[in-house]
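Working notes for the structure below.
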Amino acid sequence: MALISASILNGDLAHLADVAETVRRSGADALHYDVMDGCFVDNLSFGLPVLERLRPCTKLPIDVHLMIQDPLRFVERFIRAGADLLSFHIESSSDPAQTLRAVQQSGIPAGIAVSPDTPLTLLQPLLPLLRPEDFVLLMTVQPGLGGQSFIPGVLPKIRRLREMFADAGITAHIEVDGGINEITSAQCREAGADYLVAGSYLLGSASPAEAVRLLRGL
Ligand code: DX5
Ligand code: ZN
């Protein structure tokens, strides 16, 4: 069954604890926390102090997605602030293997995020480093904003990555992020994704629990 991570980016940011409670009641598996630095992406969101405040408000795992330049600088600090999973972009890392190892050594699942226009060939040398609990996050929109439309051209990339995993005997997860709803989630699951991030679809639903059920394809 696909895991669901609820992105709070388009939630009511003045009442984050309430958003976290809505996510818990929806039955989602994790809370997706998007960090933007105005440099790697043309937007700013929230960072360490907000994560520290949010951490005690929920027992849900917090799935931190760093959309920042030079993420290695911040790995330790985000883990200390409460990240339970941590992904960073391959495009913004001067040494993705070292960054991956830094997350792994802290004992939490590590994710390598890949923007829609970035070829999978860049990932190839990193694949042998992935443990079963780690993941590749394939962006299905351009990083920077919630509420965008899914880019269908990423579907073949999900399939190809699943094949690359199979060829290399890797059982890590494939997370997809951006424009995920009841239709695109089915397409992504069929293509091989097993971890779905959903923001505006889930939090905008009259019944977030029903939205989670549909996202899982149940
Ligand atoms: C985009 C973020 C996504 C986004 C998802 O830069 O990484 O996590 O918040 O939101 P929706 O589901 O609304 O596209
Ligand atoms: Zn994200």
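In case it helps, this note's numbering puts the sequence shown at residues 6 to 223.
Even glycine gets a Cβ: it sits at the ideal position worked out from N, Cα and C.
All values derive from a computational prediction rather than experimental measurement.
What residue range is occupied by the uninterrupted alpha helix (DSSP H) comprising phenylalanine 170?
160-173
Whole angstroms are fine: how far does the CA of glycine 151 sit from the CA of aspartate 47?
13 Å
The beta strand (DSSP E) with alanine 203 in it runs from where to where?
200-203
Is serine 12 close to the ligand ZN? I mean its beta-carbon at under 7 Å from any heavy atom of the ligand.
Remark: the C-beta of serine 12 is in contact range of the ligand ZN, defined as less than 7 Å to any heavy atom.
Using DSSP bridges, identify the partner residues of valine 38.
The residue asked about is misnamed: residue 38 is tyrosine in this sequence, not valine. Answer is Val69, bridged to tyrosine 38.
Have a look at the DSSP bridge pairing and note the partners of glutamate 180.
The partner list for glutamate 180 (beta bridge, DSSP) reads Leu142 and Tyr200.
In the stretch 6-37, which residue ranges form an unbroken beta strand (DSSP E) of at least 3 residues, counting only runs that do not cross its ends?
Qualifying beta strand (DSSP E) stretches, in chain order: 8-12.
Taking C-alpha atoms, which residue in Asn15, Gln129 and Ile67 lies nearest to proline 101?
Gln129
Once DSSP output is grouped into helix, strand and coil, what is the label at alanine 102?
helix
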